[in-house]
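Asker: When you line the sequence shown up against the numbering used here, it's residues 1 to 249, in that order.
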Amino acid sequence: MDRAERYWKHQAIADSYFSCSSSSPKHADEVEIFNSLETLGEHIVVDFGIGGGRELDWINKLKNTTRIIGVDYSERTLTQCQRLSVKSPKPLTLLVDDFRQMDSLTVLLDGDSSRKAFLFLANVFGNLEICERLEVLKKTSSFMKQEDRLFLYLFKRSRTKGEMTAEAQYYQKYYSGLDQVVIKELFGSEPSYYYDFEENNVVTACNEGPVVFSHRWEESEIRSVVEQAGLKIEKIKEGNHAFVAIAKV
Ligand SMILES: C[S@@+](CC[C@H](N)C(=O)[O-])C[C@H]1O[C@@H](n2cnc3c(N)ncnc32)[C@H](O)[C@@H]1O
1 MDRAERYWKH QAIADSYFSC SSSSPKHADE VEIFNSLETL GEHIVVDFGI GGGRELDWIN
61 KLKNTTRIIG VDYSERTLTQ CQRLSVKSPK PLTLLVDDFR QMDSLTVLLD GDSSRKAFLF
121 LANVFGNLEI CERLEVLKKT SSFMKQEDRL FLYLFKRSRT KGEMTAEAQY YQKYYSGLDQ
181 VVIKELFGSE PSYYYDFEEN NVVTACNEGP VVFSHRWEES EIRSVVEQAG LKIEKIKEGN
241 HAFVAIAKV
């Protein structure tokens, strides 16, 4: 198990999701995804990295979403999500799966012909290593039919070199309290934080090296990886903090 996987699977992460899931508001730029899903027609949402289910609140309000499939490799996190889902009026299936493999999802979707919306919210796609991103998109695209859509919510980087956006600064602060516990327990050291201006990643590290990072994007990068995966960009909307990219096969 790599360091990032150990981090995401820690009990304290799952607990923190549960305590903030019901209260945290929609990420501001997610409204673009909400509006697009409203016009997609009847569909199933497949939410990659659903975590504690923060987004269930607004997904449950979508009139055309008939079912939600939440995928996450942290069983502990899904247990917390399940607690929250008691309030979920739409059928919810929570699947323990690693979206770098998608073995369980492949079995679940086998023979299912309903229209689907595949979601990577909260920069989940930007937490993947560069070498994993293309593979994950290719796997996702292998599930997609013409009427399906992929939605990527990806945090922006600053246009000024050497500068962090306010969002990236907020992100570091948000996780720092939690990381004091998680990094210490897993790796026995204090967490350290930095912005890697070469790679444009917000990094949390332990004394052995980086543990988790979260990439900050520019539009041309998004277009490039989506197109390399054989998908077509239907729309890219630039919000205050994030890009929302919508793609189809
Ligand atoms: C930043 S949280 C996002 C939570 C939630 N979707 C939200 O928008 O607030 C990222 C989630 O992705 C999960 N995750 C990260 N890498 C994963 C992988 N390779 N396979 C499955 N889940 C993964 C983590 O366990 C974590 O719950």
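Backbone N, C-alpha and C fix where the C-beta goes; we use that ideal spot for every residue, glycine too.
Small disclaimer: the values here were computed from a predicted structure and weren't measured.
Just the Cα atoms here: how many angstroms apart are F143 and A4?
Answerer: Each residue's alpha carbon lies about 26 angstroms from the other.
Asker: Within 10 Å of its beta-carbon, does L128 have 16 or more other beta-carbons around it, so buried, or fewer, so exposed?
Answerer: So L128 ends up on the buried side.
Asker: Run the CB neighbour count on P25, radius 10 Å, all protein chains shown included, and call it buried at 16 or more, exposed below.
Answerer: Here P25 scores only 49 on pLDDT, less than 50, and its place in the model is too uncertain to base an answer on.
Asker: Rounded to a whole number of angstroms, what is the C-alpha to C-alpha distance between I59 and L78?
Answerer: Going from the Cα of I59 to the Cα of L78 covers about 17 angstroms.
Asker: Would you mind stating whether S104 and W8 have Cβ atoms separated by less than 9 angstroms?
Answerer: Cβ atoms of S104 and W8: not closer than 9 angstroms.
Asker: Can you grab the Cα-Cα spacing for the pair S23 / G49, in whole Å?
Answerer: With a pLDDT of 47 at S23, under the threshold of 50, the modelled position of this residue cannot be trusted; read the value that follows with caution. Their backbone Cα atoms lie some 19 angstroms apart in a straight line.
Asker: Would you call the CB atoms of D72 and V45 closer than 9 angstroms?
Answerer: In this structure, V45 does not lie closer than 9 angstroms to D72 by Cβ.
Asker: Quick one: Cα of T66 to Cα of S114, how far?
Answerer: For T66 and S114, the distance between alpha carbons rounds to 10 angstroms.
Asker: In the DSSP output, what is V124 paired with across the bridge?
Answerer: Paired residues: none, contrary to the question.
Asker: When you compare each of V249, A245, I246 and H241 to A28 by their alpha carbons, which one comes out closest?
Answerer: Among V249, A245, I246 and H241, the Cα nearest to that of A28 is on H241.
Asker: So, do the stretch 76-94 and the stretch 171-189 have three or more beta carbon pairs nearer to each other than 8 angstroms?
Answerer: Too few Cβ pairs lie closer than 8 angstroms, so no.
Asker: For K139, which residues in the same chain have their Cβ closer than 7 angstroms to its Cβ, ignoring the five residues on either side in sequence?
Answerer: Excluding residues within five positions, the ones whose Cβ falls inside 7 angstroms are M102.
Asker: Just the Cα atoms here: how many angstroms apart are D47 and F120?
Answerer: Computed Cα separation, rounded: 6 angstroms.
Asker: Return the first residue and the last residue of the alpha helix (DSSP H) that F99 is part of.
Answerer: Note, F99: premise wrong, no alpha helix (DSSP H); not H, not E.
Asker: Any idea which residues DSSP pairs I315 with across the strands?
Answerer: Summary: the structure shown does not reach residue 315, with the chain confined to residues 1 through 249, and so no result is reported for it.
Asker: How about A245: is its Cβ closer than 8 angstroms to a heavy atom in ligand 1?
Answerer: A245: no, Cβ never under 8 angstroms from ligand 1.
Asker: Tell me which residue opens and which closes the beta strand (DSSP E) that L150 is part of.
Answerer: First-last of the beta strand (DSSP E) with L150: R149 to F155.
Asker: Indicate whether D52 and S16 have their beta-carbon atoms separated by less than 9 angstroms.
Answerer: Checking the displayed sequence, the identity of residue 52 turns out to be Gly instead of Asp. In contact: G52 and S16 (Cβ atoms closer than 9 angstroms).
Asker: Any heavy atom of ligand 1 inside 8 angstroms of the beta-carbon of E135?
Answerer: Every heavy atom of ligand 1 is 8 angstroms or more from the Cβ of E135, so no.
Asker: Could you give the residue range of the beta strand (DSSP E) that holds K235?
Answerer: Here the beta strand (DSSP E) through K235 covers K232 to E238.
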